[in-house]
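Undergrad: In full-length UniProt numbering, the protein residues as written are 1 to 378. One structure follows; several queries about it will come next.
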Amino acid sequence: MKKIIISILLIINVFIYANNDINSIIDNFHGFVGIYAKEFNTNKILISTNVTKNFTPASVTKLFTLFSAYEILGLDYTYKTKFYYENGDFEVKGSGDPTLYPADLHNIIKTLVEENNITEINNIIIDDRLFDKKEFFGKGWMWDDANPFINAFTIKNIRPGNLSPEDINEYMFNIIKKSFEDLNVKVNGELKMKYISSKKVPFYIHKSKTLYEILQYMVKNSDNEIAEHIFRTVGTKFLKKGTINNSIAALINLTKKLFNYGINDFTIVDGPGLSRYNLVSPDLVVQMLEFMYKKYGDKFLNILSYSKADGTINGRFNFDVWAKTGTMTGISGIAGFLKNKNGKIIVFSLFENNYLKAKVDAKSFENRILEFLYNYSE
């Protein structure tokens, strides 16, 4: 009996010491901190600090883009960009696909030219009306940042610089024109931006990879351009037009229904997390993570960056962590899952805002928190 009592006292002392240690780590961080961590299977709360306070999440925002895409678009969704050839005009109806590469475009044009023995093209017509053309950039994006440009018809890995929407269209025209000229086809006409009827029959429909594959690339590479295009696509599917407000409405509709978080409880205004208007709580993030893992299992877990294989946390931890990170000036965060030394799955959300030291200090702080969670045992 005496041995049992001593063992219990030792466990209690270790528990108290561990919690004092983690509280000291949190208290000594010079910034605004929010942490929520719990055992996935038992709901036992391990750390709870400012869990209902809102924080700017930076690229952790992409988890919300992922969430809304899963629920509204579906994992098998594909973008379909339509190409037409009529009366000597080459026409493109944009689908919002952020993964159409220059090589894809060139091969499409090459097929058209070779199959129809084309030597001349009249006008190049682009229909980019699927997304609101006034919303070329996201809400709250800094004018002096290297922001992606958002358009219903875009070509991946083309970096035209700080151009206006009108200049971008001209830029896209020149890319298409050069593809024809490289095949010895003369372009006689000009760029025309006009509506293309969906009743017209295209000569080719370019299908993207599945949304699941696109999201996997987006998360592991933290691709801002893809994230914003998917965010706008969600709005298009939800309310038939790719506007920022429609995308916001789609997300709020989901969070209100599933987590009872409404319009006054959080703010997400873009897909990649470039906006400082974004505000979310650790509690909302953990609820969302739990929902996604319960519903999709490894189909969700494997899309996140993995500490032992790929993405933004590859090599950062020597134990199993699946997560999304975020970093901006004075902002850092990480949210996801880890497997502790006893094999238990821990779901966590961790944010640091308003700190003045280098981001390496914030990442070091996060590492210490996750190491505590990994080593924690009853």
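Just so it is clear, CB atoms sit at the ideal spot from N, CA and C, and this is done for glycine as well. If you're wondering where the values come from, they're calculated on a predicted model, not measured in any experiment.
Let me confirm a value: Glu120 is counted as buried when at least 16 other C-beta atoms fall within 10 Å, else exposed. Which label applies?
TA: exposed
Undergrad: Within 10 angstroms of the Cβ of Lys199, are there 16 or more other Cβ atoms? Answer buried if so, exposed if not.
TA: Label assigned to Lys199: exposed.
Undergrad: Using the Cα positions of Phe153 and Ile346, report the straight-line distance between them to the nearest angstrom.
TA: So the two alpha carbons sit approximately 41 angstroms from each other.
Undergrad: How would you label Leu356, buried or exposed, when you count the other beta carbons within 10 angstroms and need 16 or more for buried?
TA: exposed
Undergrad: Run the CB neighbour count on Leu9, radius 10 Å, all protein chains shown included, and call it buried at 16 or more, exposed below.
TA: Unreliable positioning characterises Leu9 in this predicted model, as indicated by a pLDDT of 38, which lies under 50. A coordinate reading is not provided.
Undergrad: Can you tell me the Cα-Cα spacing of Met218 and Leu112, whole angstroms?
TA: Distance between the alpha carbons of Met218 and Leu112: 31 angstroms.
Undergrad: Since Tyr101 sits in a beta bridge, which residues does DSSP pair it with?
TA: Tyr101 is not bridged to any residue.
Undergrad: Inspect the beta-carbon positions of Lys156 and Pro98 and report whether they are closer than 8 angstroms.
TA: For Lys156 and Pro98, yes; Cβs fall inside 8 angstroms.
Undergrad: From what residue to what residue does the alpha helix (DSSP H) around Thr255 run?
TA: 244-259
Undergrad: Is it right to say Asn116 is buried, meaning 16 or more other beta carbons lie within 10 angstroms of its own, or is it exposed?
TA: exposed
Undergrad: Is the beta carbon of Ala227 less than 8 angstroms from the beta carbon of Phe238?
TA: no
Undergrad: What is the DSSP secondary structure of Lys209, counted as helix, strand or coil?
TA: coil
Undergrad: If distances are taken between C-alpha atoms only, which option among Gly34, Phe149, Leu66 comes closest to Tyr77?
TA: Leu66
Undergrad: Please report the distance separating the alpha-carbon of Pro148 from that of Asn43.
TA: 39 angstroms
Undergrad: Measure the C-alpha to C-alpha separation of Ile11 and Gly326 and round it to an integer number of angstroms.
TA: A caution first: Ile11 carries a pLDDT of 39, below 50, which makes its placement in the model too unreliable to give a value.
Undergrad: Could you give the distance in angstroms between the alpha-carbon of Asn184 and the alpha-carbon of Leu211?
TA: 36 angstroms
Undergrad: Have a look at Glu290 and Ile244 and give me their C-alpha separation to the nearest angstrom.
TA: 26 angstroms
Undergrad: My output table needs one value for Lys237: the three-state DSSP class, helix, strand or coil.
TA: helix
Undergrad: Can you tell me the Cα-Cα spacing of Phe259 and Ile124, whole angstroms?
TA: 47 angstroms
Undergrad: With 16 as the cutoff for other CB atoms within 10 Å, does Asn224 come out buried or exposed?
TA: buried
Undergrad: CB Glu39 to CB Lys339, shorter than 8 angstroms?
TA: no
Undergrad: Flag this pair as yes or no: are the beta carbons of Leu304 and Gly336 separated by less than 8 angstroms?
TA: Here Leu304 is near Gly336, since their CB atoms are less than 8 angstroms apart.
Undergrad: Among the residues of its own chain, which have a CB less than 6 angstroms from the CB of Phe372, if the five just before and after it don't count?
TA: Closer than 6 angstroms at the Cβ level, and outside the excluded window around Phe372, lie Ile22.
Undergrad: Which class does Glu190 belong to by DSSP, given the choice of helix, strand or coil?
TA: coil
Undergrad: Tell me which residues share the same chain as Phe32 and place their Cβ nearer than 6 angstroms to its Cβ, disregarding the 5 neighbours each side in the sequence.
TA: Asn353, Asn354
Undergrad: Extract the residue ranges of the beta strand (DSSP E) inside the segment 19-96, only unbroken runs of 3 or more that lie entirely within it.
TA: 32-39, 45-49, 80-86, 89-93
Undergrad: Taking the Cβ atom as the reference point for each residue, do Ile205 and Lys82 lie within a distance shorter than 8 angstroms?
TA: Yes.
Undergrad: Sorted by chain position, which residues of the same chain lie with C-beta nearer than 6 angstroms to Lys192's C-beta, five sequence neighbours on each side aside?
TA: Asn123, Ile125
Undergrad: So, does the segment 312-322 touch the segment 89-96, judging by three or more C-beta pairs under 8 angstroms?
TA: no
Undergrad: With a CB to CB cut of under 6 angstroms and the five nearest residues on each side skipped, what residues in its chain are close to Ile118?
TA: Val185
Undergrad: Looking at Ile168: is its Cβ nearer than 8 angstroms to the Cβ of Asn151?
TA: Result yes, Cβ atoms of Ile168 and Asn151 sit closer than 8 angstroms.
Undergrad: Where does Phe337 fall in DSSP's three states?
TA: strand
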